[in-house]
Amino acid sequence: MKVLAFNGSPRKKGNTEVLLAAVARGVESAGGEMEIVRLADFSIGPCLSCGGCDKTGICVVKDDMGLMYEKIDQARRIILASPIYFYGVTAQAKAFVDRAQALWSRKYLLKKKGEWREDPTRAGYFVSVAATKGLKIFDGAVLTARYFYDAVGIPYGGELLVKGVDKRGDMAKAIEKIQEAEDFGRRIVA
Numbered sequence: 775m776k777v778l779a780f781n782g783s784p785r786k787k788g789n790t791e792v793l794l795a796a797v798a799r800g801v802e803s804a805g806g807e808m809e810i811v812r813l814a815d816f817s818i819g820p821c822l823s824c825g826g827c828d829k830t831g832i833c834v835v836k837d838d839m840g841l842m843y844e845k846i847d848q849a850r851r852i853i854l855a856s857p858i859y860f861y862g863v864t865a866q867a868k869a870f871v872d873r874a875q876a877l878w879s880r881k882y883l884l885k886k887k888g889e890w891r892e893d894p895t896r897a898g899y900f901v902s903v904a905a906t907k908g909l910k911i912f913d914g915a916v917l918t919a920r921y922f923y924d925a926v927g928i929p930y931g932g933e934l935l936v937k938g939v940d941k942r943g944d945m946a947k948a949i950e951k952i953q954e955a956e957d958f959g960r961r962i963v964a
């Protein structure tokens with residue numbers, strides 16, 4: 775099974791990337807394959823709220839998000855990953871989520887025509903790390919992920935959330951959490 779992970783962290787080789795690598799090991803050990811797309815490597819601008827996609831289901835902004843729509847359409851499992859920035863996802867992840875407006879428009883336009891079919895065999899997940907250990911540190915980001923998947927018609931499968939990893943390299947030292955991430959990867963392709 776193909777798993778597609780969108781890494782919203784702007785930091786190369788950061789804690790989010792280390793956590794996703796552990797998830798990928800789990801996916802691969804269960805016979806799946808995982809592609810990690812680092813959003814910061816692509817030119818994805820914010821939604822302009824122009825309404826262009828409301829008529830066609832296709833975003834009128836010409837940038838790399840067009841590649842992401844194709845990847846989303848083809849994946850059976852999707853992971854949105856982001857470190858927590860001010861109790862939410864990063865700017866890179868938020869621009870990606872906001873640009874899913876075109877997929878939301880497509881879903882509802884096709885529903886009106888009777889051509890949209892929900893696919894309960896697909897699933898979307900959220901993976902995140904946070905520097906602090908606050909009780910509600912992930913709440914805003916989890917809501918963003920849930921609404922993203924709802925908008926694009928992909929059932930929400932759950933999340934993997936790790937608190938207390940701040941400095942580069944902290945995630946790699948959290949051996950129990952790395953094991954948990956590998957187990958998470960195995961579960962999502964089972």
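My numbering puts the last residue of the sequence shown at 964; the count rises by one with no breaks.
Don't be surprised by glycine CBs; every beta carbon is placed ideally from N, CA and C.
Host beta strand (DSSP E) of residue i (start-end)
i	result
M775	Where M775 is concerned, there is no enclosing beta strand (DSSP E), given that its DSSP letter is neither H nor E.
A909	The sequence as given places Leu at residue 909; Ala does not occur at that position. Run containing L909: none; DSSP gives neither H nor E here.
Y930	930-937
Which listed residue (the options) has its alpha carbon closest to that of residue i
i	options	result
L883	I962, I818, C827	C827
P857	D872, I952, E954, P784	P784
V863	A946, G914, G800	G914
A964	L822, N781, A796, A804	A804
N789	A946, A955, E809	A946
S879	G782, K829, E954, R896	K829
L917	Y861, M775, E956, G825	Y861
R942	L813, I852, K787, G782	K787
I952	F922, D924, V901, G782	V901
L854	E954, E956, Y923	Y923
E809	P820, M775, K868, E954	M775
F912	D893, T895, G932, D872	G932
S823	G782, D872, T895	D872
G782	G806, E807, F816, R799	F816
Where residue i falls: helix, strand or coil (DSSP)
i	result
Y899	strand
S879	helix
R920	helix
R851	strand
I810	strand
G862	strand
A874	coil
A904	strand
CB-CB length for residue i against residue j, believed under 8 Å
i	j	result
I818	F870	6 Å
V811	A779	7 Å
V797	G959	4 Å
V801	I962	7 Å
R851	A897	6 Å
I832	A876	6 Å
V926	I846	7 Å
Enclosing alpha helix (DSSP H) for residue i [first to last residue]
i	result
E802	789-803
C827	826-830
E956	949-963
Contact test: residue i Cβ vs the ligand SAM heavy atom, cutoff 7 Å
i	result
Y930	As presented, the structure is devoid of all ligands, the ligand SAM included, so that no description of it is given.
Practice task
Inspect the CB distances between the region 937-944 and the region 897-911 and report whether three or more fall short of 8 Å.
Solution key: yes
Handout entry: Inter-stretch contact (C-beta, 8 Å, three-pair minimum) for the region 785-796 and the region 836-844
Key = no
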